[in-house]
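Only one structure is covered here, and it is reproduced in the block below.
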Amino acid sequence: MSDQNTPYLKNTWYVAALSTELDKDLLSRVLLDTKIVFYRKEDGTPVALLDRCPHRFAPLSMGKQCGNDVVCPYHGLAFNSEGNCTSNPHGNKRIPTKAKVPSFPLMEKHGFIWIWMGDEVADENQLPDYTTLDTGHDNAIAYTYMKWPCHYELIIDNVMDLSHVDHLHGEIITTRGQLSPQIPKLEENAGQLAASWEWKQTPPMLIFNDFLPEPGKEASHRVTVTWAKPANIQLSIGCSQGNQPITFESEESVSQYDLHVCTPESENSTHYFFVTRRNHHVEDAEYNQIKIQNMHAAFELEDGPILNAVEEAMETPDFLSLDPVLISSDAAPVRVRRTLKALIEEEHKTKLTLAS
Amino acid sequence: MSDQNTPYLKNTWYVAALSTELDKDLLSRVLLDTKIVFYRKEDGTPVALLDRCPHRFAPLSMGKQCGNDVVCPYHGLAFNSEGNCTSNPHGNKRIPTKAKVPSFPLMEKHGFIWIWMGDEVADENQLPDYTTLDTGHDNAIAYTYMKWPCHYELIIDNVMDLSHVDHLHGEIITTRGQLSPQIPKLEENAGQLAASWEWKQTPPMLIFNDFLPEPGKEASHRVTVTWAKPANIQLSIGCSQGNQPITFESEESVSQYDLHVCTPESENSTHYFFVTRRNHHVEDAEYNQIKIQNMHAAFELEDGPILNAVEEAMETPDFLSLDPVLISSDAAPVRVRRTLKALIEEEHKTKLTLAS
Amino acid sequence: MSDQNTPYLKNTWYVAALSTELDKDLLSRVLLDTKIVFYRKEDGTPVALLDRCPHRFAPLSMGKQCGNDVVCPYHGLAFNSEGNCTSNPHGNKRIPTKAKVPSFPLMEKHGFIWIWMGDEVADENQLPDYTTLDTGHDNAIAYTYMKWPCHYELIIDNVMDLSHVDHLHGEIITTRGQLSPQIPKLEENAGQLAASWEWKQTPPMLIFNDFLPEPGKEASHRVTVTWAKPANIQLSIGCSQGNQPITFESEESVSQYDLHVCTPESENSTHYFFVTRRNHHVEDAEYNQIKIQNMHAAFELEDGPILNAVEEAMETPDFLSLDPVLISSDAAPVRVRRTLKALIEEEHKTKLTLAS
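Chains as they are written, first to last, in UniProt numbering: chain X, 1 to 356; chain G, 1 to 356; chain E, 1 to 356.
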């Protein structure tokens, strides 16, 4: 797919993989309709190359790593981490000038491999500050990844509009009907959009109840979802009793700090990455497993099937073109869609200007 | 799909479901490329709504029925049997003016739910008279439904041209080669087209033989297939001995009265509904099961695979555009195709006139 | 698909089937996007007809053979080996003038059924001389067929460029790295293109080693692949010790004579036919089985998956349009692609000239 027609924002950071996914094997993954091979150099530095040999177009990921290079499975051409051909075993063994594979800038941070797929120079400062993930007990953080067959913006919608929680999800994260009637508070700051809901409920949310001073008694709750381009949503949720502040840092609140990242594989498939860190019950490694299992169960059995059905009904990725009936809880996801669309259009314009 | 481009006749009655298919659960079914949710109100009245919430386009059929309303699974909006939103649990709970779902007129008759999908006012008088189905022993009538992956007009062709019987089907309904040489008699009446074949055979058709006065001896046979728009074929078949009249009402003939209805799901998939009533051996409920099993076996193992292969070979739904070699037995199905095409073109013209 | 737009060379011989595939049953096979039914007349002559009844377009291959005719399964029309309708069992039984099915010239040679699908008169002299296949011990020749889901030119590339052998394949046909550094010698003769490689290796190729005078000791090797239009590749491979000539006919060399034929089913599927004759160990019938098993294993587990991945990466059948990086070993396959493309363009031009 030519860059000219890409429906994605390109000059930005997407999560390409969990850090733990890059081990001894070559990893092949399609991101933004582009097939990429990932591996680590001998010093551990991650590498991303277009997964296509420029000779006969075999996937390099079907070959093997040899030192810091990757060797094509079909005719044995080797390429280094910058994508330059380092060996041609055929005929006079001369390396053709054109024998290069595109490589992509990577950054390893917060347990993720981030990739920059645009033509502009990769800008490390564009990544939002998620350092909260980096400190705390090792057993209080858990990662997961799943691929889901729907457009990534439907997953962004789903996380940015939490008013669906009491209608779609089960007992474990119910707000007892308290969240829906709240109109979320929106805040825009440096290109990021945050939506917050606050409410009281009795008993408190079941995921937090046991860790509160008075389980079963009324507690104040707050959840904030903060979108940053292109597809990062940081979700903070917690509760407290007795008017204590609800922040991840406060020992008086029971809170968690999550990051949802939706990287498009294609226009109807998404790599969904997720990390959750909590400020309570931090030593229990088994509890990490339970958190991740619950995330999978909720998404795969409840949100995911609805999103697939919605995508089928829409017949276009452009939700707003369908003249939907909007309600108060749509403010945040709709604003995210408009912002992202504007950023993509701006990028296309810049490209045209540079080209002319 | 916009109405302007629909390849189907719209202002007419199609069978949407067997009456027995509408029970306690929501039923989702695609008819004429349109996804519809069906349910019964508390008083039993059947309801048909577009199966798409106007908010975020989730299928209402994934939600639940609540009294006479259906509740969206994603954010809990409720809609009544006319498609009006009756509840919005979010924010100030105001119901948006646009929050409406299209509803479709239904009619329950002869054990079927009939649906009217056009823009004109539903006209109950347009349904042909099939009241023969309504009287008789409860064990002498049997219904079935199957979905088949081919264009509905191929199934109409198949039933309107019975000359294939001795070539494609097995012993149970063989005419011993007597039917093919007969040129069917065509009659057109009030928009309905009937084709009849008459012949004698020894032994009689096996499905009737045991119920005749002299099993194994020559009998006169008659079969009539009568098409009515859009996709209803009433098939009467029977036989008698000793020059007795062959009618469903006559006690001297062994006869059955069937209705085949082919409702398009899409351009290459059909909902095939079938009912058969007989005037003999009326009390045997197990015989009903056998009749239905035989219908399935004949269609699924013999007609159906041929129709699928024909559709694949045709590469277009427009049979007549392929310049087929026609023979005498094609008169009825070809006339049905021409009539239906003219009706659809007329409907498109009317729509254009109204629009201008 | 109309002839005007066909991407294939038409006035030429393709293998349609192994001789042994035509037995008592009708065989249906799609060649060059065209569905064809094959059978043998009572005297054994093979017949090829368009697999589509001109009446209602049912596949004749779903019917049955009756003497020298084939009978349509749907309404019983019969067609002879020239495609003329010989029986219509309906109405007055008159045979409609238009009731004809296209038939295709066949030639049975070297254990294959060859088909001519173009409009020009079939020219038996166009088939290259493969008579080497016809003489020798019955247990020294083995045939196989497989269908593979990729464009046929990718398989031609693969056989015409043997420099992939040491990179993609395993121990059994390794040249110990000796083949890749050789620049193949190209020879063009009467429209056929041959590429040859010569080298010495120790130990000799394992498929030949045991049959040499001094197993394990150095041997001279030669392989030649000779392409003839449209998709025939004759591969000769062998080795000898002590400067003996390497030819199939020479008793001093251990050699085999193979034919690879790739007939397009469609633009992304190929009928791959293969025959191998050897000049050594000729009486062992079980060894034939092993040769065929090895051919399947190498292609299905090694070449085939790479070709599928290459096709997916290319997104077009036109390899040269993708500006590939070419190396010395690409000379032969690239010249074949250019020759075949020129022949197809010439055929289209001739057709246009004739039409105007």
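Here a beta-carbon is modelled for each residue, glycine too, at the ideal position from N, C-alpha and C.
Kindly indicate which residue of the options has the alpha-carbon position closest to the one of residue i.
i      : options                           : result
A142/X : W148/X, H260/X and S103/X         : H260/X
K185/X : S163/X, L343/X and I173/X         : S163/X
T135/X : G83/X, S328/X and F248/X          : F248/X
F274/G : H137/G, H110/G and K341/G         : H110/G
P324/X : L31/G, L9/G, L32/G and R56/G      : R56/G
N232/X : P333/X, D138/X, W197/X and F299/X : P333/X
V336/E : H281/E, V30/E, P59/E and N189/E   : N189/E
R225/E : L307/E, N308/E, A122/E and D161/E : Note that residue 225/E corresponds to Val in the displayed sequence, not to Arg. Ranking the options by Cα distance to V225/E, first place goes to D161/E.
S61/E  : V101/E, A285/E and A122/E         : V101/E
L326/G : E345/E, P96/E and L326/E          : P96/E
Residues in its own chain within less than 8 Å of residue i by CB, not counting five upstream and five downstream?
i      : result
W114/G : W13, Y14, V15, A16, L106, M107, E108 and L127
L212/X : P204, A219, C239, S240, Q241 and V254
E124/X : M107
F299/G : M146, W148 and Y272
D3/G   : At D3/G, the pLDDT of 47 sits below 50, so the modelled position is not reliable; the number obtained from the coordinates is stated separately. So the list reads K10, D119 and K351, once near-sequence residues are dropped.
M1/E   : Only weak support is given to the placement of M1/E: the predicted model assigns it a pLDDT of 39, under 50, and the question is left unresolved by the model.
Give a yes or no on whether the C-beta atoms belonging to residue i and residue j are separated by under 8 Å.
i      : j      : result
S28/X  : F112/X : no
L179/G : V165/G : yes
R40/X  : P46/X  : yes
F38/G  : L50/G  : no
K147/G : H271/G : yes
K35/E  : P59/E  : yes
L31/E  : Q65/E  : no
D43/E  : L168/E : no
G118/G : S103/G : no
I172/X : N294/X : yes
H221/E : E198/E : yes
Looking only at its chain, what residues have a beta carbon closer than 7 Å to the beta carbon of residue i, apart from the 5 residues adjacent to it on each side?
i      : result
G63/X  : V70, V71, C72 and P73
P317/G : H151, E153 and E267
N288/G : N139 and A142
C262/G : Y152, I155, I156, A231, T270 and Y272
L183/X : The residue you asked about is not Leu; residue 183/X is Ile in the sequence shown. So the qualifying residues of the chain are S328.
Measuring straight from C-alpha to C-alpha, what distance separates residue i and residue j?
i             : j      : result
R278/E        : P54/X  : 37 Å
R94/E         : Q234/E : 51 Å
W227/G        : N209/G : 27 Å
K200/E        : T175/E : 9 Å
E312/X        : E265/G : 16 Å
T132/G        : S236/G : 11 Å
V223/E        : A99/X  : 28 Å
K351/E        : L320/E : 25 Å
A194/G        : H75/E  : 20 Å
E347/G        : H137/G : 41 Å
residue 391/X : N68/G  : Since the first residue shown for chain X is 1 and the last is 356, residue 391/X is missing from the structure and cannot be characterised.
P245/G        : T276/G : 20 Å
G191/X        : A342/G : 58 Å
A48/X         : E315/X : 33 Å
G91/G         : L301/X : 27 Å
V310/X        : P89/G  : 20 Å
P281/E        : D129/E : Sequence inspection shows His at residue 281/E; the Pro mentioned does not correspond to that position. C-alpha separation (whole angstroms): 25 Å.
G170/X        : P181/X : 18 Å
I306/G        : W116/E : 28 Å
I290/X        : G177/X : 25 Å
Please report the Cβ distance between residue i and residue j, rounded to the nearest whole angstrom; I am assuming they are in contact, meaning their Cβ atoms lie under 8 Å.
i      : j      : result
E120/G : N11/G  : 4 Å
L340/X : K229/X : 7 Å
Leaving aside the five residues before and after residue i along the sequence, list all residues of the same chain whose C-beta is less than 6 Å from its C-beta, in chain order.
i      : result
S87/G  : A78
T144/X : F274 and I292
G216/G : P203
L206/X : I172
Y257/E : T132, S236, F248 and R277
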